[in-house]
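> For the protein sequence lines, the chains are P and C, in the order given.
Per my numbering, the very first residue in the first sequence carries number 1; after that it's consecutive.
Per my numbering, the very first residue in the second sequence carries number 1; after that it's consecutive.
Even for Gly, the Cβ is constructed at its ideal location relative to N, Cα and C.
Since we're looking at a predicted model, the values are computed, not measured.
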Amino acid sequence: MSQSHIVKVYDDELKNLDRLIAEMGGQVEHILSDSVQSLVQYDSTLAKAVVADDKKIDALEIDIDAQATRLLALRQPMAADLRTIIASLRISNDLERMGDHAKNISKRVDTLTQVPLLSPMGKSIERMSKLVETMINQVLNAYIERDVPQALSVIQQDEDVDLLYTSLFREILTYMMEDPRNITACTHFLFIAKNIERIGDHATNIAEQVYYVVEAKQYDDGHINLDQSTSVVVPPKQES
Amino acid sequence: MVNLMTVQQVVSKPMAFDGTPKIIARDVCVSYGDRQVLHNINLDIPQRRVTALIGPSGCGKTTFLRCINRMNDLISICKVTGTIMMDSADVYHADVDVEVLRRRIGMVFQKPNPFPKSIYENVAYGIKLHGLSIDKADLDARVEKSLRRAGLWDEVSDRLDSPGTGLSGGQQQRLCIARAIAIEPDVILMDEPCSALDPIATARIEELIHELKEKFTIIIVTHSMQQAARVSDYTAFFHLGDLVEQGETEILFTNPKDERTESYITGRIG
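1. Which residue's Cα is closest to the Cα of P/A66: P/Y211, P/I21, P/A151, P/R146?
2. In terms of alpha-carbon separation, which member of C/T254, C/L243, C/A201 lies closest to C/L53?
3. Report yes or no: is there a C-beta of chain D within less than 8 angstroms of the C-beta of P/V7?
4. How about C/S263: is its C-beta nearer than 8 angstroms to some C-beta of chain P?
5. Classify C/Q227 as helix, strand or coil using the three-state DSSP reduction.
6. So if DSSP puts C/Q36 in a beta bridge, which residue, or which two residues, is it bridged to?
7. Output, in chain order, the set of chain P residues within a Cβ distance shorter than 9 angstroms of C/R268.
8. Checking contacts by CB at 8 angstroms: is C/P199 closer than that to chain P?
9. Shortest alpha-carbon distance to C/A222 belongs to which of C/E211, C/A236, C/K215, C/K213?
10. List the residues of chain P that C/T235 touches, going by C-beta distances under 7 angstroms, in chain order.
11. Return the residues of the region 65 to 81 of chain P that lie within a Cβ-Cβ distance of less than 9 angstroms from chain C, sorted by chain order.
12. Determine which residues of the region 204 to 229 of chain P have a Cβ less than 7 angstroms from any Cβ of chain C, and write them out in chain order.
13. What are the boundary residues of the alpha helix (DSSP H) that P/V132 is part of?
14. Between which two residues does the alpha helix (DSSP H) carrying P/Y175 extend?
15. For C/E206, which residues of its own chain have a beta-carbon under 8 angstroms away from its beta-carbon, when the five flanking residues on both sides are left out?
16. What are the boundary residues of the alpha helix (DSSP H) that includes P/T111?
17. Here's the rule: buried if 16 or more other CB atoms are within 10 angstroms of the residue's CB, otherwise exposed. What is C/H210?
18. I want to verify the contact list: residues of chain P whose CB lies under 8 angstroms from the CB of C/Q226, in sequence order.
19. Taking C/A236 as part of the alpha helix (DSSP H), name the residues at either end of that continuous run.
20. Could you tell me the alpha carbon to alpha carbon distance between C/S76 and C/R104, rounded to whole angstroms?
21. Is C/T202 buried or exposed, if buried means 16 or more other CB atoms sit within 10 Å of its CB?
22. Comparing the C-beta of P/Y42 with each C-beta of chain C, is any distance below 8 angstroms?
23. Which of the three DSSP states, helix, strand or coil, is assigned to C/M1?
24. Please name the residue, chosen from C/G106, C/Q110, C/D34, C/D73, that lies closest to C/S224 on a Cα-to-Cα basis.
25. Roughly how many angstroms lie between the CA atoms of P/R198 and C/I200, to the nearest whole one?
26. Any contact between the region 101 to 116 of chain P and the region 256 to 265 of chain C? By contact I mean 3 or more CB pairs, one from each, below 8 angstroms.
27. Helix, strand or coil for C/V11? Go by DSSP, reduced to three states.
28. Output the boundary residues of the beta strand (DSSP E) element that contains C/E259.
29. Return helix, strand or coil for C/C167, following the three-state DSSP convention.
30. By the three-class DSSP mapping on this structure, what secondary structure does P/G26 have?
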């Protein structure tokens with residue numbers, strides 16, 4: 001809404017809430033990129049930095065929570081203002097989870113340096129992560145601009161992430177079948193791939209909040225989850 | 001036109017809510033001299049529900065409220081056109097007895113205005129005036145019932161002879177509500193009934209409104225949007241003499257269709 005509030009400080013407070021979301025989102029984008037880099041480069045210093053950066057994200061969530069609660073108590077917001085505040089609470093919650101998933105990736109770096117190298121895996125993970133980073137970037141822009149078409153496009157992109165995750169799941173299974181010594185690394189890679197896939201899911205949650213703020217109704221389109229890893233099986237060897 | 005404004009028909013009115021509006025306003029225009037303050041208001045007031053009229057000062061909401069029981073008749077320069085129908089009878093029809101009309105449409109004002117009489121007399125006055133009670137015992141019973149409905153009985157039952165003006169602001173307002181409901185109206189008009197009250201007295205009145213809507217059709221003018229959102233089932237938003245938007249309260253406050261409504265309820269125009 002273009003018009004300003006009669007109470008100007010209320011406008012400032014709402015803007016500040018948007019600014020905090022943007023800042024938190026930027027941190028999440030950055031932490032995901034760093035965590036995947038720490039993984040592909042086996043860089044444990046960077047991995048430790050990621051764990052530390054996640055604390056900043058947690059602090060921002062607490063800050064947003066406090067600001068939103070204060071606005072609810074003091075301003076009795078209505079209509080679009082109320083939705084903005086409710087959405088900021090939900091979005092900060094999603095962003096905090098995304099930060100945790102990124103941190104989990106980095107926590108595995110030290111372990112992975114101690115097992116046989118699986119370089120092709122790193123490339124696949126990186127490709128998936130790049131897709132998710134683009135989603136995060138776009139969904140934050142969509143939120144700041146209150147741009148519903150852009151938010152819907154993020155929801156679309158999550159389908160690509162799901163497909164990539166399924167194919168990665170199959171790839172990891174093949175490595176394990178090839179050589180049991182790969183199992184340790186592969187198990188960690190499985191969790192890493194799942195972490196990234198979850199981050200994508202949270203990005204779509206945020207996209208749904210953009211829709212909610214603008215359209216005043218909850219998003220429901222029957223979004224199809226294309227993650228088929230739940231039904232992937234390795235067929236048992238046939239006795240001859 | 002059948003004149004329904006007789007006591008006989010008031011008593012025999014159908015009690016069940018049949019989904020038809022209690023009051024229907026069509027093309028209501030109001031002018032004070034040359035100045036038109038309401039433009040073509042079309043509004044349905046549902047039976048036994050609370051309808052809130054909201055809008056910035058000077059938007060015409062109180063003027064509209066006062067049209068319903070013809071309080072504007074008292075202002076010589078005020079001219080009302082269009083129709084207001086209650087139970088399919090024209091409120092402005094020449095045959096309508098305004099006194100009877102106002103018996104059917106009670107009113108509670110911004111500032112509590114008890115008569116300078118005892119608590120008992122405040123409530124009994126209207127009942128006696130309209131000849132509603134058969135004997136003293138019936139009158140006592142009606143006074144008690146009204147005070148109970150207004151949630152005041154327990155606080156005043158032991159001092160019914162003390163002056164009504166000696167009560168606290170919130171109690172005085174509930175006394176005025178008891179006085180209004182004592183004569184068993186169909187509709188109660190409330191013109192900012194809580195604006196002179198503290199938050200606790202306000203909450204009591206809001207709770208009372210919630211209980212009263214089982215029996216009465218309530219129309220409330222309020223400056224507090226939170227109050228409108230809390231107590232009403234339907235809300236009508238007035239702005240500069242126009243009825244901008246009307247509908248279910250829940251929808252009007254969460255997803256208004258008109259930009260002016262959104263601006264007003266979110267605190268952008270006033």
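Concretely, from the data shown:
1. For this step, residue 66 of chain P is matched to residue 66 along the first sequence. Per the Cα distances, P/I21.
2. One-based indexing of the second sequence puts residue 53 of chain C at position 53. The shortest C-alpha separation from C/L53 is found at C/L243.
3. Of the chains in the structure shown, none is chain D; the protein chains are P and C.
4. Here the question's residue 263 of chain C lines up with position 263 in the second sequence. Output row for C/S263: interface = yes.
5. Locating residue 227 of chain C in the second sequence gives position 227, counting from the first residue. It is helical.
6. Position 36 of the second sequence, counted from the first residue, corresponds to residue 36 of chain C. In the DSSP output, where bridge partners are listed per residue, C/Q36 has C/S31.
7. Your numbering for residue 268 of chain C matches position 268 in the second sequence. M1, Q3, S4, H5, I6, listed in chain order.
8. For the purposes of this step, residue 199 of chain C is identified with residue 199 of the second sequence, where counting begins at 1. Not one chain P Cβ lies under 8 angstroms of C/P199.
9. Locating residue 222 of chain C in the second sequence gives position 222, where the first residue counts as 1. A small fix is needed here, since residue 222 of chain C is Thr in this sequence, not Ala. When each option's Cα is compared against that of C/T222, the closest is C/A236.
10. Against the second sequence, residue 235 of chain C aligns to sequence position 235. Contact note: C/T235 does not reach chain P at a C-beta cutoff of 7 angstroms; the least C-beta distance is about 12 angstroms.
11. R75, Q76, P77, M78, A79, A80, D81
12. A216
13. As a position in the first sequence, residue 132 of chain P is number 132, starting the count at 1. First-last of the alpha helix (DSSP H) with P/V132: 119 to 145.
14. For the purposes of this step, residue 175 of chain P is taken as the residue at position 175 of the first sequence. Taken as a continuous stretch (DSSP letters only), the alpha helix (DSSP H) holding P/Y175 covers 148 to 178.
15. Taking the second sequence and counting its residues from 1, the one referred to as residue 206 of chain C is at position 206. Excluding residues within five positions, the ones whose Cβ falls inside 8 angstroms are C194, Q227, R230, V231.
16. Position 111 of the first sequence holds residue 111 of chain P. Residues 109 to 112.
17. For this step, residue 210 of chain C is matched to residue 210 along the second sequence. It is exposed - the Cβ of C/H210 has fewer than 16 other Cβ atoms within 10 Å.
18. Residue mapping note: residue 226 of chain C aligns to position 226 of the second sequence, counting from 1. The contacting residues are Q76.
19. Indexing the second sequence from 1 puts residue 236 of chain C at position 236. Run containing C/A236: none in the alpha helix (DSSP H); it sits in the beta strand (DSSP E), 234 to 239.
20. The residue given as residue 76 of chain C occupies position 76 in the second sequence. The residue given as residue 104 of chain C occupies position 104 in the second sequence. Straight-line Cα distance between these residues: approximately 23 angstroms.
21. Position 202 of the second sequence, counted from the start, is the residue given in the question as residue 202 of chain C. In this structure C/T202 is buried. Its beta-carbon is surrounded by 16 or more other beta-carbon atoms within 10 angstroms.
22. Position 42 of the first sequence, counted from the start, is the residue given in the question as residue 42 of chain P. It does not: the Cβ of P/Y42 has no partner Cβ on chain C nearer than 8 angstroms.
23. For the purposes of this step, residue 1 of chain C is taken as residue 1 along the second sequence, with counting starting at 1. At C/M1 the pLDDT is 41, less than 50, meaning the model places this residue with poor confidence; the figure from the coordinates comes in the next sentence. Note: C/M1 maps to coil in three-state DSSP.
24. On the second sequence, residue 224 of chain C is found 224 positions in, with the first residue counted as 1. When only C-alpha atoms are compared, the closest one is C/Q110.
25. As a working mapping, residue 198 of chain P is identified with position 198 in the first sequence. As a working mapping, residue 200 of chain C is identified with position 200 in the second sequence. Each residue's Cα considered, the two are about 48 angstroms apart.
26. no
27. Here residue 11 of chain C refers to the residue found at position 11 when the second sequence is read from its first residue. Reliability fails at C/V11, whose pLDDT of 34 lies under 50, so the model's placement of it is uncertain and the value that follows must be treated cautiously. Helix at C/V11.
28. Mapped onto the second sequence, residue 259 of chain C falls at position 259. Looking at the DSSP string, C/E259 is not in any beta strand (DSSP E); the run it does join, the alpha helix (DSSP H), is 259 to 265.
29. Mapped onto the second sequence, residue 167 of chain C falls at position 167. Rather than Cys, the amino acid found at residue 167 of chain C in this sequence is Leu. The answer is coil: DSSP assigns C/L167 none of H, G, I, E or B.
30. Locating residue 26 of chain P in the first sequence gives position 26, counting from the first residue. Helix at P/G26.
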